[in-house]
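The structure under discussion appears below in the form of structure tokens.
Protein chains in written order, with our numbering: chain P, 1 to 112; chain H, 113 to 222.
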């Protein structure tokens, strides 16, 4: 089966611009997670979708971040407007059940 | 203090050496996951443990639930093992989100 696909793999944007990251989960995986790693820190949870519903968005840092999952398929994470501290690697993961999900390769976001 | 601590943070070994990476956590968990990330690559799952020991090739993972501690061992290390190894736990209660350690950066020299 195809893995979890994220794009772009890299994005460099200026402070104040908008960026949209996309995640295509493995087909049939109802659970989709977004995580983020900022420089030198551990990976941290952002939010969890079950199908199209947000199950837990307690990790979203502020209202500049908006995540959607259209029809329970792919998901997007929009940052608007981007700030310098948003730089990091954004990972998506998907799974059928709650455990043992598959991670994508991540999107490296650099805000300059 | 992080709820998941890994040691060491950085490790350099010679090819063939036996390597141990440790993970301690302070919360009740339902599962612990060892992950690997190569430079520029995605995250790959190595093991998911809730008790005991698992082995896959040259990799061995153990967990002691009472002591809230897990170890990842690499036998006969090879330069291709160079990567960041990450410990992540799922809380025993609440949603199924992972809590991650900061990772151990391993470099194996030929």
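Don't be surprised by glycine CBs; every beta carbon is placed ideally from N, CA and C.
Values in this document were obtained by computation on a predicted structure and should not be read as measured data.
In the three-state reduction of the DSSP assignment, residue 192 (chain H) falls in the helix class.
Nearest C-alpha to residue 104 (chain P) among H:149, H:129, H:168: H:149.
For residue 36 (chain P), the enclosing beta strand (DSSP E) has its first and last residue at 31 to 37.
For residue 209 (chain H), the neighbours in chain P by C-beta distance under 8 Å run, in chain order, 33, 45, 48, 56, 59. Counting C-beta pairs with one atom in each stretch, the stretch 69 to 81 of chain P and the stretch 167 to 185 of chain H have fewer than three that are closer than 8 Å, which means they do not touch. Residue 79 (chain P): member of the beta strand (DSSP E) spanning 75 to 79, first to last residue. Under the Cβ criterion (8 Å, minimum of three pairs), the stretch 24 to 32 of chain P does not count as touching the stretch 129 to 143 of chain H.
With distances taken between CA atoms, residue 24 (chain P) lies nearest to P:6 out of P:6, P:38, P:14, P:34.
Between residue 8 (chain P) and the set P:20, P:15, P:16, the nearest pair of CA atoms involves P:20. Within chain H, the residues whose beta carbon sits less than 8 Å from that of residue 41 (chain P) are 214, listed in sequence order. For the pair of segments examined, the stretch 179 to 194 of chain H was found not to touch the stretch 85 to 101 of chain P: the number of CB pairs separated by less than 8 Å stays below three.
Excluding five sequence positions before and after residue 165 (chain H), the CB atoms of its chain that fall closer than 8 Å to its own CB belong to 172, 173, 174, 175, given in chain order. Assigned with DSSP and collapsed to three states, residue 70 (chain P) falls in helix.
Residue 212 (chain H) is positioned such that its CB atom lies closer than 9 Å to that of residue 42 (chain P). In the structure shown, residue 85 (chain P) falls within a helical segment according to DSSP collapsed to helix, strand and coil. Beta bridge pairing from DSSP links residue 168 (chain H) with H:171.
With respect to chain P, the C-beta atom of residue 134 (chain H) has no partner C-beta closer than 9 Å. Distance from the CA atom of residue 48 (chain P) to the CA atom of residue 182 (chain H), rounded to whole angstroms, is 26 Å. In the structure shown, residue 176 (chain H) falls within a strand segment according to DSSP collapsed to helix, strand and coil. Excluding five sequence positions before and after residue 86 (chain P), the CB atoms of its chain that fall closer than 7 Å to its own CB belong to 79, 109, 111, given in chain order. Under the 9 Å criterion on CB atoms, residue 93 (chain P) is classed as interfacial with respect to chain H. Listed along the chain, the chain H residues whose CB falls inside 9 Å of the CB of residue 105 (chain P) are 152, 153, 154, 155.
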